[in-house]
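Only one structure is covered here, and it is reproduced in the block below.
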Amino acid sequence: MSGASLRAMEAAQQEATFVPLVADQLDRVLHVEHQAYSHPWSRANFMDTLHSGYQAQLLIANDHVLGYFVAMKGVDEVHLLNLTVAPAFQRQGWARVLLDALAVWSRGQGAQCLWLEVRAGNMRALQIYETHGYVRMGVRKAYYPAAAGQREDAVVMRLALEH
Numbered sequence: 000m001s002g003a004s005l006r007a008m009e010a011a012q013q014e015a016t017f018v019p020l021v022a023d024q025l026d027r028v029l030h031v032e033h034q035a036y037s038h039p040w041s042r043a044n045f046m047d048t049l050h051s052g053y054q055a056q057l058l059i060a061n062d063h064v065l066g067y068f069v070a071m072k073g074v075d076e077v078h079l080l081n082l083t084v085a086p087a088f089q090r091q092g093w094a095r096v097l098l099d100a101l102a103v104w105s106r107g108q109g110a111q112c113l114w115l116e117v118r119a120g121n122m123r124a125l126q127i128y129e130t131h132g133y134v135r136m137g138v139r140k141a142y143y144p145a146a147a148g149q150r151e152d153a154v155v156m157r158l159a160l161e162h
């Protein structure tokens, strides 16, 4: 078993806790971001969201970053900007934990729905969102940067929130 696998097992056995994402934690978050994505968010992207006062939560266990989300509140809706589970902790249910926490916060803000975009080719994320109740609403053509200067479509999804 690899060191990463052992760390993942140890962290999974610990109690996970949400803490606000702050600038001091960005090195850890950026490490995860670069492991998880071919086109990761930059430090400036995260700093902009923090300075804008967006909801940014870090999920940690045993001092390991399990994942995080960043969301922007609108008038009666919330837009999920980034939800990431660290690769070492994927397929362990942490995405559902993050999505549940996001929905609870969103309801508390009076949001009627949650919106997000996801890469059209990200089948695992699409399946997770659909299983969680999100519905495909449309496609944004050439929304995301892709390899070799190409662009990838985004699937727009919505979750109606019950209060």
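Number 113 in numbering that gives the first Met the number 0 belongs to position 114 of the sequence shown; there are no gaps in the numbering. We put the CB at the ideal spot given by N, CA and C, even for glycine. Computed from a prediction, not measured in an experiment: that's the story for all the values here.
Helix, strand or coil at residue i [DSSP, three-state]
i	result
residue 50	helix
residue 20	coil
residue 108	coil
residue 74	coil
residue 146	helix
residue 80	strand
residue 33	helix
residue 90	coil
residue 85	coil
residue 57	strand
residue 15	coil
residue 65	strand
residue 160	coil
residue 0	With a pLDDT of only 47 at residue 0, under the threshold of 50, the placement of this residue in the model should not be trusted, and no figure is reported.
Buried or exposed (CB count within 10 angstroms, at least 16 for buried), residue i
i	result
residue 105	buried
residue 161	exposed
residue 46	exposed
residue 138	exposed
residue 48	buried
residue 129	exposed
residue 63	buried
residue 122	exposed
residue 0	Confidence is the limiting factor: at residue 0 the pLDDT is only 47, short of 50, which leaves the residue's position unreliable and the question unanswerable from this model.
residue 74	exposed
Inter-residue CB distance, residue i and residue j (contact presumed, cutoff 8 Å)
i	j	result
residue 56	residue 67	6 Å
residue 114	residue 79	7 Å
residue 189	residue 144	A query on residue 189 cannot be resolved here, the shown segment of the chain reaching from 0 to 162 and no further.
residue 15	residue 58	6 Å
residue 119	residue 154	5 Å
residue 97	residue 70	With 8 Å as the limit, residue 97 and residue 70 do not qualify as a contact, their Cβ atoms being about 10 Å apart.
residue 88	residue 125	So it is not a contact: roughly 20 Å between Cβ atoms.
residue 146	residue 37	7 Å
residue 110	residue 76	5 Å
So, do the region 26-38 and the region 106-116 have three or more beta carbon pairs nearer to each other than 8 Å?
no
Runs of 4 residues minimum, wholly inside the region 112-142: which ones carry the alpha helix (DSSP H) assignment?
Counting whole runs of 4 or more residues, the region 112-142 contains the alpha helix (DSSP H) stretches 122-130.
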